[in-house]
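Residue numbers (our numbering), protein chains in the order written: chain A, 1 to 363; chain B, 1001 to 1263. From the three backbone atoms N, C-alpha and C, an ideal C-beta is built for every residue, glycine too. Just so it is clear, the structure is predicted and the values come from calculations on it, not from any experiment.
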Amino acid sequence: MDVNNLPLRGRCQGKPQKDRQPLRYAEQRTPMISEAQPRPPRHRPHRRAGIAVLTVAATMVLCFALGQFTPGDAFSALELDPAIPPAALAHLRQLYLPQHSLGERLGAWVVQAAHGDLGYSLQFHRPVAALVRERAPASLELMVLGLGLAWVAGLLLALIPAWMGENARRRAQRGLEVTLHAGAALLTALPLGVLAVGALVLAPPEWLPMAGSGSPWLPAAVLALAFLPTVYFQTAHALAAVLDRPFIWQGRAAGFGPARVLLVHALPNISDILVPVAALTVSQAMVELVILEPLLGWPGLGQLSIQAAQNKDMPVLSALVLFSSLVVIASNWISEAVQTRLNPVLRDARWRESAKRRAAVEA
Amino acid sequence: MTRRRWMVGGFAVWLSLVVLGPWLAPTSYRIQDRDATLEAPTPGHRLGTDEFGRDEASRLLWASTLSSLLGLAMATPALGIAVGVGLGMAVWPATMDWGRAAGEVCRGLPWIFVLVAVRAALPLNAGAGSVAAALVILFAAAAWPVAAWTLYGAARQVMQQDYVQAARGLGASRWHLLRRHVWPNLRGLAATYFALLVAAAIGAEVSLELVGLGLPQPWPTFGNMLDSLRDYSLATHCWWLYSPLLILVPLLLGLSLAGMERN
Chain A
1 MDVNNLPLRG RCQGKPQKDR QPLRYAEQRT PMISEAQPRP PRHRPHRRAG IAVLTVAATM
61 VLCFALGQFT PGDAFSALEL DPAIPPAALA HLRQLYLPQH SLGERLGAWV VQAAHGDLGY
121 SLQFHRPVAA LVRERAPASL ELMVLGLGLA WVAGLLLALI PAWMGENARR RAQRGLEVTL
181 HAGAALLTAL PLGVLAVGAL VLAPPEWLPM AGSGSPWLPA AVLALAFLPT VYFQTAHALA
241 AVLDRPFIWQ GRAAGFGPAR VLLVHALPNI SDILVPVAAL TVSQAMVELV ILEPLLGWPG
301 LGQLSIQAAQ NKDMPVLSAL VLFSSLVVIA SNWISEAVQT RLNPVLRDAR WRESAKRRAA
361 VEA
Chain B
1001 MTRRRWMVGG FAVWLSLVVL GPWLAPTSYR IQDRDATLEA PTPGHRLGTD EFGRDEASRL
1061 LWASTLSSLL GLAMATPALG IAVGVGLGMA VWPATMDWGR AAGEVCRGLP WIFVLVAVRA
1121 ALPLNAGAGS VAAALVILFA AAAWPVAAWT LYGAARQVMQ QDYVQAARGL GASRWHLLRR
1181 HVWPNLRGLA ATYFALLVAA AIGAEVSLEL VGLGLPQPWP TFGNMLDSLR DYSLATHCWW
1241 LYSPLLILVP LLLGLSLAGM ERN
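And the structure:
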């Protein structure tokens, strides 16, 4: 007897299975976000590398254009000072700013950047690469802590109602779900800037990084609050969808406990939805750092970018654009690599494909 | 049904606030009453005054118009690109690789740093128009890929339906499929995404304003008005300066609930 072909409705208690009939035109369901995301069909390293090269090239051209075509330069502010004669300014510009043609400058910039030389910051009187290297660890610490907190809390908050459901406590589950949904929706209505200002006002002053406590916990908590709704909603939706699939019902019928159903069968099977979301939160966090760090006085790359913007320090800004696009590319790569290894279905598909390839080579 | 009524009601309130805001404002958003700076609410200034003595209620009404219009202006091109690319990729599968590549490149570019750099490049006295244009362009560039994926996934499901296959078999052109089958099925999802994008745009404007990257000062927006709360003594003593949250939070909450409704 084939277990897969058993009628499900007779066997399982609780929620009846949804009709598996094809939907009619009028009542078509719009798909959930998590369902509609395209799955990576095949391992295509050349395509991925091509996209990365394209992105870096686009970023470099963008950085260069920003540095070259913007009115004003590092000496513009000095023009306002009547004590400095225009001739001295012209001399300074000749000394510090490149005077070659556009093409030459682009070439020189790319070659320098490829060698790790990102230029010289006239605002801080230091090489840009050293500045970035000095500030990056603080940003990284904040990002790891904040996103870590958001993911741990979000996964837990999504798993607890599912756990109640597995234990047949439907009413408690429903109540908790409604509360959590409402809370998360309210949190999405507070922009990050408002959350940060709220932290400034509500937290005891000695917790703030700019008051001298070097502790990253307050900014990390704000960052985590900003990402909590995304993590919670995506996990909860994906869990609800997977917990209704036949293989889960089969597991329950075979007597698996809630822990086994949720952690061994449900969670790995939604990992291919959660891992891209994780990559998305990393790239989103690069954005949020620019807003969070200056507001809470955390000495990272975001604060550096705002300081550089106030002084028209284009080499620093170009370097930051380049650096953060590299971070985003790296996170996308890691997510694609991890995705196919965590999900059992995709892992099997990969294994079968490689077995087929091996067989073809042998034959 | 009641939910739908709530949604329509909320939408009507928002729309009337956007249209009527400037007319309902008791005074101008830029008149400074220098004798009454940081005044708590009085009959003359219903919501108090800010640190320049500008009437908070007038500024709030203007801000709800300006911020909403800016949010709509930021979200419209983003949705347009997302719909064009998402549906295009589903209906003309040959364009799929290009669409995906463009989306991934756009997702990899750090638009916030670009915005910071553009703001740095603009002259210090840059007009509101050029700042708003930068916001619109960069938001569209940053926000379209995720919406385009979702729309593409949904559109591909529609393309696989029997009635679409039948229409194709009967010789319908791809334009016909797009107009007659794909778009009517995805209108709802696109509207949903529009609500989410508008909420994201208004929220982004508030956050950017707080780090000094939004519209320049005399213009009132939600973020611009909340900006004075960065001063600790103002934030702890002048409770009326929190009034923008009275409109901002319900607006963003309503928009994201409307977005979740269809999802």
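Is there a C-beta anywhere in chain B that falls below 7 Å from the one on residue 40 of chain A? With a pLDDT of 47 at residue 40 of chain A, under the threshold of 50, the modelled position of this residue cannot be trusted, and the question is left open.
Alpha-carbon to alpha-carbon, residue 320 of chain A and residue 338 of chain A: Roughly 27 Å between the two C-alpha positions.
Residue 313 of chain A, DSSP secondary structure in three states: Annotated three-state conformation of residue 313 of chain A is coil, per DSSP.
Any beta carbon of chain A sitting closer than 7 Å to that of residue 1096 of chain B? Chain A, which has no Cβ nearer than 7 Å to the Cβ of residue 1096 of chain B, makes this no.
Inter-stretch contact (C-beta, 8 Å, three-pair minimum) for the stretch 283–303 of chain A and the stretch 139–157 of chain A: With contact defined as three or more Cβ pairs closer than 8 Å, the stretch 283–303 of chain A and the stretch 139–157 of chain A are in contact.
For residue 1049 of chain B, which beta-bridge partners are listed by DSSP? In DSSP, residue 1049 of chain B forms a bridge with B/1055.
Taking CB distances under 7 Å as the criterion, tell me whether residue 1116 of chain B reaches chain A. For residue 1116 of chain B, the answer is yes, since a Cβ of chain A falls inside 7 Å of its Cβ.
So residue 141 of chain A is in the alpha helix (DSSP H); what residue range does that whole segment cover? If you look at residue 141 of chain A, you'll find it in the alpha helix (DSSP H) that goes 128–166.
Anyone know if the C-beta pair for residue 1178 of chain B and residue 1083 of chain B falls short of 7 Å? Not closer than 7 Å, so no.
Spell out whether any CB of chain A is found under 7 Å from the CB atom of residue 1244 of chain B. So, not an interface residue.
Can you look up residue 354 of chain A in the DSSP assignment and give me helix, strand or coil? In the three-state scheme derived from DSSP, where H, G and I count as helix and E and B as strand, residue 354 of chain A is classed as helix.
Residue 287 of chain A versus chain B: which residues are under 7 Å apart at the beta carbon? Using a Cβ-Cβ cut-off of 7 Å, residue 287 of chain A is close to 1112 of chain B, given in chain order.
For my contact list, residue 1221 of chain B and residue 1060 of chain B are in at a C-beta cut-off of 8 Å; report their separation, rounded to the angstrom. Rounded to the nearest angstrom, the Cβ distance from residue 1221 of chain B to residue 1060 of chain B is 10 Å, too far for a contact under 8 Å.
Taking three-plus beta-carbon pairs below 8 Å as touching, is the stretch 187–201 of chain A in contact with the stretch 1247–1255 of chain B? At 8 Å Cβ cutoff, the stretches touch.
I want to see whether chain A comes within less than 7 Å of residue 1088 of chain B, judged by CB atoms only; does it? Taking a beta-carbon distance threshold of 7 Å, residue 1088 of chain B does not count as an interface residue toward chain A.
Proximity of residue 1007 of chain B and residue 1201 of chain B at Cβ, strictly below 7 Å: Between residue 1007 of chain B and residue 1201 of chain B, the C-beta spacing is not below 7 Å.
Go ahead and pull the three-state DSSP assignment for residue 1256 of chain B. Residue state, collapsed to three classes: helix.
Tell me whether residue 24 of chain A is buried or exposed, calling it buried when 16 or more other Cβ atoms sit within 10 Å of its Cβ. At residue 24 of chain A the pLDDT is 44, less than 50, meaning the model places this residue with poor confidence; the figure from the coordinates comes in the next sentence. So residue 24 of chain A counts as exposed.
Apart from the five residues just before and just after residue 1111 of chain B, which ones in its own chain have a Cβ nearer than 7 Å to its Cβ? Within the same chain, residue 1111 of chain B has close Cβ partners 1138, 1141 and 1142.
Short Cβ contact (7 Å threshold) for residue 1148 of chain B with residue 1193 of chain B: For the 7 Å CB-CB criterion, residue 1148 of chain B and residue 1193 of chain B do not form a contact.
Where residue 332 of chain A meets chain D, residues with beta-carbon distance less than 9 Å: Checking the listed chains, one finds no chain D in this structure; the protein chains it contains are A and B.
Heavy atom of the ligand ZN within 6 Å of residue 1250 of chain B beta-carbon: As presented, the structure is devoid of all ligands, the ligand ZN included, so that no description of it is given.
Between residue 1209 of chain B and residue 1224 of chain B, what straight-line distance do the alpha-carbon atoms span, to the nearest angstrom? Put simply, the backbone Cα of residue 1209 of chain B is about 6 Å away from that of residue 1224 of chain B.
Quick one: is residue 1093 of chain B buried, meaning 16 or more other Cβ sit within 10 Å of its Cβ, or exposed? Around the beta carbon of residue 1093 of chain B, fewer than 16 other beta carbons sit within 10 angstroms, so the residue counts as exposed.
What span of residues does the alpha helix (DSSP H) with residue 1040 of chain B cover, start to end? Run containing residue 1040 of chain B: none; DSSP gives neither H nor E here.
Any residues in the stretch 254–281 of chain A with a beta carbon nearer than 9 Å to a beta carbon of chain B? Which ones, in chain order? Interface annotation for the stretch 254–281 of chain A against chain B: 280, criterion Cβ-Cβ distance under 9 Å.
So, do the stretch 301–311 of chain A and the stretch 111–131 of chain A have three or more beta carbon pairs nearer to each other than 8 Å? With a cut-off of 8 Å, the stretch 111–131 of chain A and the stretch 301–311 of chain A count as touching, because enough Cβ pairs lie within range.
Answer with buried or exposed for residue 210 of chain A, where buried requires no fewer than 16 other C-beta atoms within 10 angstroms of its C-beta. Classification of residue 210 of chain A: exposed, given that the 10 Å Cβ count is below 16.
Quick check on residue 1029 of chain B: does DSSP put it in helix, strand or coil? Residue state, collapsed to three classes: coil.
Does DSSP put residue 318 of chain A in a helix, a strand or coil? Correct three-state label for residue 318 of chain A: helix.
Under DSSP, the alpha helix (DSSP H) around residue 272 of chain A begins and ends at which residues? Note, residue 272 of chain A: alpha helix (DSSP H), 267–296.
Strictly under 7 Å for the Cβ-Cβ distance: is residue 241 of chain A near chain B by that measure? Residue 241 of chain A does not count as touching chain B.
Here's the rule I'm using: 16 or more other beta-carbon atoms within 10 Å means buried, otherwise exposed. How should residue 353 of chain A be labelled? Flag for residue 353 of chain A reads exposed.
To the nearest angstrom, how far is the alpha carbon of residue 1169 of chain B from that of residue 1183 of chain B? Computed Cα separation, rounded: 19 Å.
Along chain A, in chain order, which residues have C-beta atoms closer than 9 Å to that of residue 1083 of chain B? Result: empty, since nearest Cβ-Cβ is about 14 Å, beyond 9 Å.
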